[in-house]
Amino acid sequence: MRKGVMGIGMILLGCLVFSGPLWAESCPAWRPERLQLEITTLKNQLERWDVAYYQQGNSLVEDEVYDSLRKKLQLWLACAGLASAEEPVPLLPAGKLSHPVAHTGLRKLPDPAAVAQWLHGRSDLWVQPKVDGVAITLVYRDGVLVSAISRGDGLKGENWLEKVRAIPAVPTDIKDAPQMLTLQGELFLMVNGHQQKRSGGINARAKVAGALMKKKPSPVLQQIGLFVWAWPDGPQAMPQRLHQLAAMGFPLTLAYSQPVKSLVQVQQWRDHWYQAALPFVTDGVVIHQARSPQGRYWQAKPGDWAVAWKYPPAQQVAQVNGVEFNVGRTGKIAVVLSLEPVRLDDKWVTRVNLGSLPRWRQWAVVPGDQVVISLMGHGIPHLNKVVWRIKERSMPSAPSAEHYHPLSCFSWRPGCRQQFLARLVWLGGRQGLNLHGVNESTWQALIDQGLVRHLLDWLVLTPEQLMSAPGIGSKRGQSIYRQFQLARQQPFARWLIALGAPLSPQQAVTLKSWHQVQQLPAEAWRTMAGIGTKRARQIADFLQHPPLLALVSTLVSQEIIGFAVGSVTPSVSP
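In the working numbering, the protein residues as written are 22 to 595.
Below you can see the structure in the form of structure tokens.
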């Protein structure tokens, strides 16, 4: 989140400096000149986004994307030996007003274990929603609002007094207020019944920032609320502090602050607010100790008396580490991106399926690019967009689509490893011969041992040959041998599908022998349910394909049911 980028950045940089081996493993394997080029390019982009956001009120990129790329820049700077003691200050407007009390920012805890560790030994704890808006300091003198300062760099910010006075939700006069009152809080977009889990961030913070940074008053100011989350030097007892804030015209803090004593209670409120209908957008919870140091000791970096625990992100930025091309059984080429691991919900995502070769070429993703990943139905990773493209690009060499099709790679030869292996997996799978205990690793072991070079070589393997394959052994070799022998008794329809015939089980079940198949005219295929002209042509091409006919000869010589001369498959459903 950009409003807290300074404080969080320094914590991250501390890890960067003192965890050398960890970060050294993450440094890109680039020559120094390229690393400097990528640093300069990314730094320039971040600066352009900073200008748009901080000086013009325009958010050109989601906060989680910005945060991720800012961290990536810090990593690269450390890899190049250029990291400074503090994160570079964003190009903020020339803030001239000093905060009476520094904005500290929040340290973000990544998981329940980190939260439990922070809670240990602490008392008088309170949890609040982490309202997603724009941070501000309000100063009242004798109950009159005299100053409203943007967060800026935490020490100095912009004068927003004129704009804030136009916000009805912010009191300009307070009865019975202390002579000097300094409050820190969040200006947020008021919404009705917002459910964070269902609706997400809805770009609410950017709308507030834009309204406050425009030179002319914006109608959006009427839709802005205030959540006070800090009263420096206020009452030490939290209940007293909350009730006084409510009495002065800041009721939301009382309504959304809950005492907690354990991780379980924190989790309960976090889960509740994540799903509940709220008047503001949130992105997590904040856990406070009731007591905090005097305001004069606050610094523009995270204090140790309050932490944030954000909601699980709906999307994450991940670095592309590699591009893989997988050729399937029918010759279709699927492109998979290998990712630097990122966590979404409760799972680690390391790969995302991009789809076909044309789709990959459309995305033009290469190793080093930064992409946004989310989870679709059933937790399947999905590529949303590319948010950063490295400057020096090298497109991976992709297989030629014209070399792979439904009639290619019926045997093991150069360039056919993936498709041939996929054919074997299909053949032994549930829809094929249903060979229990025979999986992809089994077939790969037999291929590596030189025992399988054609689709049906396994039919003549002995138990001793199977046992000789690495990782199989005596007991498993005997089990695999039994499965291979049982396959001989499978009905003809199963064999036909196992070999790759473009037929459904319902279509194949009417076929009893290879002789019958050979006698069927093209018109007969078209009369079958679900088979049109295109599919009939595919079936004819398959049945006349020389490698397939060679496999049929093997099945005939092995006297497999439905292929042996004079044999007909019994009427058994596949």
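For glycine and all other residues, C-beta sits at the position ideal for the given N, C-alpha and C.
Reducing DSSP to helix, strand and coil, say where residue i ends up.
i, result
"PRO595", "Any reading at PRO595 must be qualified, since the residue scores a pLDDT of 37, below 50, and its modelled position is unreliable; the value itself is stated next. PRO595: coil per DSSP, three-state reduction."
"GLN216", "strand"
"MET549", "coil"
"PRO95", "In the sequence on display, residue 95 carries Gln and not Pro. Helix, per DSSP."
"GLY305", "strand"
"GLN439", "helix"
"ASP478", "helix"
"MET201", "strand"
"GLN261", "helix"
"PRO280", "strand"
"GLN315", "coil"
"LEU81", "coil"
"TRP447", "helix"
"GLN320", "coil"
Going by DSSP, what residue range makes up the alpha helix (DSSP H) through residue i?
i, result
"GLN499", "494 to 508"
"ASP562", "554 to 564"
"MET488", "484 to 489"
"LEU569", "567 to 578"
"GLN527", "526 to 529"
"TRP464", "461 to 469"
"TRP535", "535 to 540"
"LYS228", "225 to 234"
"TRP70", "53 to 71"
"SER47", "41 to 47"
Just the Cα atoms here: how many angstroms apart are residue i and residue j?
i, j, result
"PRO238", "ALA187", "8 Å"
"VAL136", "LEU404", "30 Å"
"ARG262", "LEU204", "12 Å"
"PRO568", "PHE431", "7 Å"
"GLY561", "PHE441", "A small fix is needed here, since residue 561 is Ala in this sequence, not Gly. When rounded, the distance between both Cα atoms is 21 Å."
"GLN244", "TRP252", "24 Å"
"SER278", "LEU233", "27 Å"
"ASP132", "LEU247", "28 Å"
"PRO199", "ALA268", "12 Å"
"LEU517", "SER525", "10 Å"
"VAL341", "ASP194", "54 Å"
"GLU179", "ILE401", "44 Å"
"ALA321", "ALA419", "50 Å"
"VAL577", "VAL481", "13 Å"
"HIS457", "GLN289", "45 Å"
"ALA335", "TYR295", "12 Å"
"VAL229", "LEU208", "7 Å"
"LEU572", "LYS533", "18 Å"
"LEU67", "LYS196", "45 Å"
"GLN559", "GLY453", "19 Å"
"GLN383", "SER421", "16 Å"
The beta strand (DSSP E) with residue i in it runs from where to where?
i, result
"ALA355", "354 to 365"
"SER377", "368 to 377"
"GLY343", "336 to 348"
"ALA514", "No beta strand (DSSP E) holds ALA514; the alpha helix (DSSP H) holding it covers 513 to 519."
"ALA329", "327 to 331"
"PRO131", "No beta strand (DSSP E) contains PRO131, which DSSP labels as neither H nor E."
"VAL152", "146 to 152"
List the DSSP bridge partners of residue i.
i, result
"ILE170", "THR158 and ASN180"
"TRP409", "GLN391"
"PHE209", "GLY246"
"HIS403", "SER395"
"ASP194", "VAL165"
"SER119", "LYS177"
"LEU299", "HIS215"
Among residues of its own chain, excluding the 5 on either side of residue i, which ones have a beta-carbon nearer than 6 Å to its beta-carbon?
i, result
"TRP330", "LEU130, VAL136, GLY305 and VAL306"
"VAL122", "THR203, PRO253, GLY316 and TRP319"
"PHE271", "VAL249"
"ARG226", "ASP153 and GLY154"
"ALA355", "ASN347"
"TRP326", "GLN310 and SER313"
"VAL473", "LEU467 and TRP479"
What do you reckon, is the C-beta of residue i under 7 Å from a heavy atom of the ligand NAD?
i, result
"ILE195", "Among the components modelled here there is no ligand, and therefore nothing to report on the ligand NAD."
Ignore the nearest five residues each way along the sequence and tell me which others in residue i's own chain have a CB closer than 7 Å to its CB.
i, result
"VAL593", "Per-residue confidence for VAL593 stands at a pLDDT of 41, beneath the threshold of 50, marking its modelled position as unreliable; the derived number appears in the next sentence. So the qualifying residues of the chain are PRO512."
"LYS64", "LEU94"
"ALA557", "ALA543, TRP546 and ARG547"
"ALA73", "ASN79 and LEU81"
"VAL86", "VAL338, VAL393 and VAL408"
"THR62", "LYS412"
"MET416", "VAL387"
"TRP535", "VAL573, GLY583 and PHE584"
Leaving out five residues before and five after residue i in sequence, what residues of the same chain have Cβ atoms less than 8 Å from its Cβ?
i, result
"LYS353", "SER377 and TYR425"
"LEU56", "PRO49, TRP97, CYS100 and ALA101"
"PHE563", "PRO427, LEU428, GLY521, ALA522, PRO523 and LEU569"
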